[in-house]
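Residue numbers (this note's numbering), protein chains in the order written: chain A, 1 to 221; chain B, 1 to 260.
Just so it is clear, CB atoms sit at the ideal spot from N, CA and C, and this is done for glycine as well.
Heads up: the structure comes next, in structure tokens.
As structure tokens, then:
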């Protein structure tokens, strides 16, 4: 299995505080990897590093074998798309939201993307302010897919959702991974990613302490 | 110009101190906690105006046009400091403010002088320059403040746009327009109601100096248009400069000094 990302001795310091402390590992391409840890463990920071919203203080990160800072940053962010924990809606209607980064997006393609994220019954002219948390989460996923990414970075995609919405998002993630997309998601709960993730990395106070399949990590912990 | 204005003598000025004392006494009686500030502001205004009066007398008599230009440059430098102080820690705020106020002033004043609308004489360049710098400073400060506030408050939305591969300029474009628009509202509103709510300064000064109101308004119209132009130019320039300084070489929204 090839590597989407590899990272070695990654340290990130912010305001004199060490957020990541010498993290080394890799992310498999075409699989779902969950980064697990308590609040402040450095999970979300890892996603920001993969999307270059931040750069490490020291250490190296490679994307598909290339040093990440040698890839054009705008191209990188289209290839590695990040969905924040609480997605911000950027436009008034669903169609406008999907055209934020893809102004030429056709209505047919928009409907196709909505179908991919289990929002097939949502009208394109529906106002985004009327959508529930789960629907917004999935619309943000669809918005990230409009730039045809190779990797999706999802920050706590189901943390604020009820069980039904969370299960719908889980199913979308598995479907996307089955189509060859690499998914890296962050969660504070190992149980939550059971059945979704192929691999789990466990961060504790900025250090990588476990890695393996969800079952292996559960057994070790 | 026919100077029929009755200028108060120093005894008149001394008498007007009674007004400050009245205000201070009222503040003290009402326990507003601003008595010391009132007295300090009154004293400071007296000293500042005395110094400026003396300096301008010397300037108009001896310094010539270049001395007046240097005076305007000095005002631009000072205005840059003041405007940057309102920028809430924006990167390169001071340099951006100097460039915006400087260019706004240069273009506005330069056009008026080049077209002969105002005379290239120290007695004109200094006060007219002061009005232009003041308008440019106010618009610059308001624009920078609006942009800084937006960059802090809208960080999640801006980063969401950046995460989709947008450039910093594109990610900030919706907020840039709003920032410049907000900053120009006072200048536009003042222009809309000029003469209706309050008689503007230049016109008042001319009328006090004995110029007929109909002649005074011609000057005031030029002044209002000049102030609108200076404010708009400075606001647009500082908005552009500030936006580019919000993002680093990898198009990341930089963190301000006091941001969490």
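Item to check | Nearest to residue 6 of chain A (by Cα), restricted to the options A:40, A:16, A:12, A:67 | outcome: A:67
Item to check | Residue interval of the alpha helix (DSSP H) (run including residue 23 of chain B) | outcome: 10-29
Checklist entry - How would you write the range of the alpha helix (DSSP H) that residue 108 of chain B sits in, first residue to last? => result If you look at residue 108 of chain B, you'll find it in the alpha helix (DSSP H) that goes 93-114.
Checklist entry - In angstroms, rounded to a whole number, what distance separates the CA positions of residue 126 of chain A and residue 140 of chain A? => result 15 Å
Next on the checklist: Taking 8 Å as the cut-off, does the region 23-30 of chain B touch the region 59-73 of chain A (at least 3 CB pairs, one atom from each stretch)?
Outcome noted: Result no; under three Cβ-Cβ pairs closer than 8 Å.
Checklist entry - Going by C-alpha distance, which of B:196, B:104, B:186 is nearest residue 239 of chain B? => result B:104
Checklist entry - Just checking, does the region 108-118 of chain B make contact with the region 209-228 of chain B on the three C-beta pairs under 8 Å criterion? => result The region 108-118 of chain B is in contact with the region 209-228 of chain B.
Checklist entry - Run through DSSP, which three-state label would residue 223 of chain A get? => result With chain A covering 1 to 221 only, the question about residue 223 of chain A has no answer from this structure.
Item to check | Closest by C-alpha distance to residue 228 of chain A, when choosing among A:195, A:84, A:78, A:205 | outcome: A question about residue 228 of chain A goes unanswered here, because the residues of chain A that appear run from 1 up to 221.
Next on the checklist: With a threshold of 8 Å between beta carbons, is residue 100 of chain A in contact with chain B?
Outcome noted: Closer than 8 Å to some Cβ of chain B, the Cβ of residue 100 of chain A qualifies, so yes.
Checklist entry - For residue 154 of chain B, is the classification buried or exposed, using 16 other Cβ atoms within 10 angstroms of its Cβ as the cut-off for buried? => result buried
Next on the checklist: Let's test the definition: count the other Cβ atoms within 10 Å of the Cβ of residue 240 of chain A and tell me whether it reaches 16, buried, or not, exposed.
Outcome noted: This structure gives no information on residue 240 of chain A, because the portion of chain A shown stretches from 1 to 221.
Item to check | Buried versus exposed, by CB contacts within 10 Å (16 or more), residue 55 of chain B | outcome: exposed
Checklist entry - DSSP three-state call for residue 33 of chain B: helix, strand or coil? => result coil
Item to check | Cα-Cα separation between residue 216 of chain A and residue 36 of chain A, rounded to whole angstroms | outcome: 14 Å
Checklist entry - Do the CB positions of residue 150 of chain A and residue 106 of chain A come within less than 8 Å of each other? => result no
Next on the checklist: With a threshold of 8 Å between beta-carbons, can residue 245 of chain B be considered close to chain A, or not?
Outcome noted: By the rule that beta-carbons nearer than 8 Å mark a contact, residue 245 of chain B does not touch chain A.
Checklist entry - How about residue 19 of chain A: is its C-beta nearer than 8 Å to some C-beta of chain B? => result Residue 19 of chain A does not count as touching chain B.
Item to check | Close Cβ partners of residue 248 of chain B (< 7 Å) along its chain, the five nearest in sequence each way excluded | outcome: 254
Item to check | alpha helix (DSSP H) runs wholly inside the region 36-99 of chain A, at least 4 long, in chain order | outcome: Taking only runs of at least 4 residues, the alpha helix (DSSP H) segments lying wholly in the region 36-99 of chain A are 43-50, 73-79, 94-98.
Checklist entry - How should residue 43 of chain B be labelled, buried or exposed, when 16 other C-beta atoms within 10 angstroms of its C-beta is the threshold for buried? => result exposed
Checklist entry - Which bits of chain B does residue 78 of chain A rub up against, with CB to CB less than 9 Å? => result Contact annotation for residue 78 of chain A against chain B: 164, 165 [CB-CB distance below 9 Å, chain order].
Checklist entry - Straight-line CA distance for residue 199 of chain A to residue 210 of chain A? => result When rounded, the distance between both Cα atoms is 11 Å.
Next on the checklist: I'd like the list of long-range same chain contacts for residue 38 of chain A, defined as Cβ closer than 8 Å, with 5 residues on each side in sequence excluded.
Outcome noted: 188, 204
Checklist entry - Is residue 232 of chain B buried or exposed, if buried means 16 or more other CB atoms sit within 10 Å of its CB? => result Its Cβ being crowded by 16 or more others within 10 Å, residue 232 of chain B is buried.
Item to check | Chain-ordered chain A contacts of residue 156 of chain B [CB-CB under 8 Å] | outcome: Under the 8 Å cutoff, chain A gives 84, 86, 88.
Next on the checklist: Comparing C-alpha positions only, which one of A:86, A:27, A:88, A:115 sits nearest to residue 175 of chain A?
Outcome noted: Ranking A:86, A:27, A:88, A:115 by CA distance to the CA of residue 175 of chain A puts A:115 first.
Item to check | Through-space distance from residue 132 of chain B to residue 64 of chain A, alpha-carbon basis | outcome: Cα to Cα, residue 64 of chain A sits roughly 56 Å from residue 132 of chain B.
Item to check | Separation of residue 108 of chain B from residue 145 of chain A, as counted between CA atoms | outcome: If you draw a straight line from the Cα of residue 145 of chain A to the Cα of residue 108 of chain B, it is about 48 Å long.
Checklist entry - What residue does the beta strand (DSSP E) around residue 212 of chain A start on, and which one ends it? => result 207-212
Next on the checklist: Relative to the C-alpha of residue 116 of chain B, which candidate in B:83, B:176, B:222, B:245 has its C-alpha closest?
Outcome noted: Ranking the options by Cα distance to residue 116 of chain B, first place goes to B:222.
Item to check | Interface partners of residue 73 of chain A on chain B, CB under 8 Å | outcome: Those within 8 Å of residue 73 of chain A in chain B are 250, 251.
Next on the checklist: Once DSSP output is grouped into helix, strand and coil, what is the label at residue 221 of chain B?
Outcome noted: helix
Item to check | Within chain B, partners of residue 52 of chain A - CB distance below 8 Å | outcome: The contacting residues are 250, 252.
Checklist entry - Should residue 164 of chain A go down as buried or exposed, given a rule of 16 or more other Cβ atoms within 10 Å for buried? => result exposed
Next on the checklist: Tell me which residues share the same chain as residue 129 of chain B and place their Cβ nearer than 8 Å to its Cβ, disregarding the 5 neighbours each side in the sequence.
Outcome noted: 68, 71, 72, 75, 105, 109
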